[in-house]
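Let me begin by presenting the structure, written as structure tokens, before commenting on it.
In this note's numbering, the protein residues as written are 1013 to 1811.
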């Protein structure tokens, strides 16, 4: 298997990240930094030039998105700003390089600029577009700029790129956006490069006519937008450290408030032929409630943030951008609940619905964006049937409210139907033998089969019913329905294909050639392996820099920044990593079971077993890495509730009884009297997770005839102490302080008989810290380990 993994790694994988706004974390300044702030309470900051709504003057006062952001960061650090004026953006850059100002907003980091200044994390990605005269040919490649009269703003990084990399362009420079757009209107130039919201604002506020966006894809593609950051003078490193910490303390909610104040008004509505009546309706009705099926992946489902995701979610997002409106999930638990809400006028539209006679009475439907064939699913030991006609007298498990359920009821009354609330429930009923069959689509069924491991379910026939998935709008909203139809018609073939490729690539195809699926699995494993290798290299780099701390103090700051970047990256990558990993495990299970035909080549069966085992191991590793990164990135939210601590202890111990018995390890619990009455206020899942990790380690590293026991008590100050004690191999004294650090382990790998990532104790410490508690370890090699969780008295309730 090791050769197989090495071969996968050698395939080479590249990851392209998307820069998001900075994520919030607590501001924790050192005493040295606090002293510096007190001694230097005022920063000289570059003010504004005429680039609304990012930055400009209003009644002589600098204002705009970037000004508000810079003020917010300065406020979190405890600074006041003294604004300094300049004639142009380029002058501000020069002033910062010459240290005449301390900080400047709206700067795009580049290698050339890093030689003269430092940068905080980027806070905004402003898309660049091409403006031209109305009716001009669209810009679709960089070759389309040849022979054109191109305009750009002096001092912008984009302008410098065009001057150095494309000297053949007929380039004219302007001091600002207004001059450039007026030059297009006056036919002095053909194309002007500008940031989309800035260009839209200028056109609206200055009544410049005859100008529109003629190119949405910017070239060179690697510079498709201006990544804005705060530039900081580089001769005072401590100032950079302070502002970086303050920038990371800006919350998403605070960024959202600034965005709504300055940018939402200038989101462009694409000209898709909306009538004046439709435009007025949309301007007066900005938010619409959507009924969606919460569990119909990949067609649609509700993600962890309560948003509609899947194929229908992507189409809704496209349409929302084109109409400049917001679609929000209604919150319906089932598709049937959504239908009833629409009938009562409590919802506005269905995001994924197939027209039928009943629905046509209260809904208007858009053009279909997805046509799905339906199949008959049954247990593997059932005979094959050609179609629904052959299923007379059988018991079907169907989803209430689905169009195919209504179709079967109307056309095949001899089929007995039991209705369920979701595809998952219906297929589980079939898998468990509670129903004979289920009729539905392969994408939704494959998603459930692979995620739930329903190895007994197979395709036994095909239904003649086809679902034409569309957006259904309440008949009382004809203007919304017509606007959605126009938006749907404006979606390009490329956009349709991108959505289809994104969500349909993981469905199981009933064919005997598994080469495409193997390539998918190989690619997904390669991505995950690359992330793990990247993590390991990052860990080694951090260790190297810590060893050189006495020689180079700046290494510590770089290591901390790298760790934050790693945490933010992995926290945001959770969906991208878990999705292919779930597919690897689920599809390998389905293929091994012969769901769509027995695999003839034994070598393939061997590979599938290796893939499945490796996937399960990677799942454990990835989940630990992602959970730790989520905590470090400040994205882990406690689900506060009151729970009995003895229930957590009993459940955790029960999980390891079989393993302990197998290893010959004695397990017991010694709890304070009346512990069953002790109630804890906190996140039961987090506390349970911490206890499980500690028991798992104790059982893992305790040899035969050893003991693992748990004891609890309330100390003199009212704190709850939970101790997991073992008689295992113990931890060397010089390693105890390291084992709670990510990726550190108690022993060198050659002494370990068990696999591990070195993340378990770090996760325990962080989960306990989230509860304002303490975690400590005492250990002696050859005698055992005592791990103690202490929860504060204000979280302990004596019933």
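Idealized CB from N, CA, C, for every residue including glycine.
Proximity to residue i [Cα-Cα], best of the options
i, options, result
"residue 1189", "1163, 1174 and 1710", "1163"
"residue 1661", "1686, 1387, 1703 and 1125", "1703"
"residue 1715", "1626, 1399, 1090 and 1741", "1741"
"residue 1665", "1656, 1207, 1180 and 1706", "1706"
"residue 1350", "1357, 1380 and 1303", "1303"
"residue 1463", "1308, 1730 and 1288", "1308"
"residue 1372", "1113, 1482 and 1254", "1482"
"residue 1774", "1305, 1751 and 1679", "1751"
"residue 1049", "1093, 1089 and 1039", "1089"
"residue 1337", "1313, 1294 and 1379", "1294"
"residue 1779", "1725, 1736 and 1694", "1694"
"residue 1786", "1743, 1746 and 1732", "1732"
"residue 1217", "1204, 1169 and 1193", "1193"
"residue 1687", "1724, 1389, 1399 and 1465", "1724"
"residue 1172", "1794, 1205 and 1504", "1205"
"residue 1313", "1789, 1420, 1220 and 1515", "1515"
"residue 1509", "1382, 1474, 1663 and 1177", "1382"
"residue 1270", "1211, 1788, 1081 and 1669", "1081"
"residue 1101", "1243, 1436 and 1083", "1243"
"residue 1423", "1806, 1437 and 1369", "1369"
"residue 1777", "1806, 1643 and 1746", "1643"
"residue 1225", "1743, 1142 and 1654", "1142"
"residue 1499", "1044, 1149 and 1378", "1378"
"residue 1676", "1710, 1075, 1474 and 1376", "1710"
"residue 1451", "1465, 1428 and 1467", "1428"
"residue 1458", "1399, 1386 and 1043", "1386"
"residue 1475", "1782, 1417, 1343 and 1185", "1417"
According to DSSP, residues forming a beta bridge with residue i
i, result
"residue 1157", "Per DSSP, none; premise fails for residue 1157."
"residue 1307", "1313"
"residue 1738", "1720 and 1797"
"residue 1140", "1207"
"residue 1486", "1375"
"residue 1067", "1063"
"residue 1262", "Per DSSP, none; premise fails for residue 1262."
"residue 1469", "1391"
"residue 1733", "1725 and 1802"
"residue 1656", "1691"
"residue 1052", "BP columns for residue 1052 are empty, so no partner."
"residue 1407", "1428"
"residue 1680", "1721"
"residue 1453", "1386"
"residue 1300", "1339"
"residue 1221", "Answer is none; residue 1221 lacks a bridge partner."
Expected contact under 8 Å - CB spacing of residue i and residue j to nearest Å
i, j, result
"residue 1401", "residue 1479", "Wrong, their Cβ atoms sit about 19 Å apart, outside the cutoff."
"residue 1264", "residue 1491", "Residue 1264 to residue 1491, Cβ: 33 Å. No contact."
"residue 1322", "residue 1311", "6 Å"
"residue 1719", "residue 1678", "5 Å"
"residue 1096", "residue 1058", "6 Å"
"residue 1455", "residue 1260", "With 8 Å as the limit, residue 1455 and residue 1260 do not qualify as a contact, their Cβ atoms being about 40 Å apart."
"residue 1411", "residue 1435", "6 Å"
"residue 1255", "residue 1039", "In fact, because the Cβ distance is near 11 Å, the residues do not count as touching under 8 Å."
"residue 1487", "residue 1375", "7 Å"
Where residue i sits in the DSSP three-state scheme
i, result
"residue 1663", "helix"
"residue 1761", "Only weak support exists for where residue 1761 lies, its pLDDT of 41 falling under 50; the value from the coordinates is given anyway. Correct three-state label for residue 1761: helix."
"residue 1245", "strand"
"residue 1341", "strand"
"residue 1668", "helix"
"residue 1231", "coil"
"residue 1280", "Note that residue 1280 scores 48 on pLDDT, short of 50, meaning its location in the model is unreliable; the coordinates nonetheless yield the value given after this. In this structure, residue 1280 counts as coil in the three-state DSSP scheme."
"residue 1711", "helix"
"residue 1074", "strand"
"residue 1173", "helix"
"residue 1621", "helix"
"residue 1532", "Confidence at residue 1532 is low in this model, with a pLDDT of 45, below 50, so the placement of that residue should be treated as unreliable; the coordinate-derived value is given next. Of the three classes helix, strand and coil, the one that applies to residue 1532 here is helix, per DSSP."
"residue 1350", "helix"
"residue 1383", "strand"
"residue 1033", "At residue 1033 the pLDDT is 36, less than 50, meaning the model places this residue with poor confidence; the figure from the coordinates comes in the next sentence. Residue 1033 falls in the coil class under three-state DSSP."
"residue 1291", "helix"
"residue 1355", "helix"
Residue i beta carbon near the ligand NAD (any heavy atom closer than 7 Å)
i, result
"residue 1310", "No copy of the ligand NAD appears in this structure; indeed no ligand is present at all."
(message) Quick check on the DSSP output: what are the complete alpha helix (DSSP H) runs of length 4 or more inside the stretch 1078-1157, in order along the chain?
(response) 1101-1109 and 1123-1126
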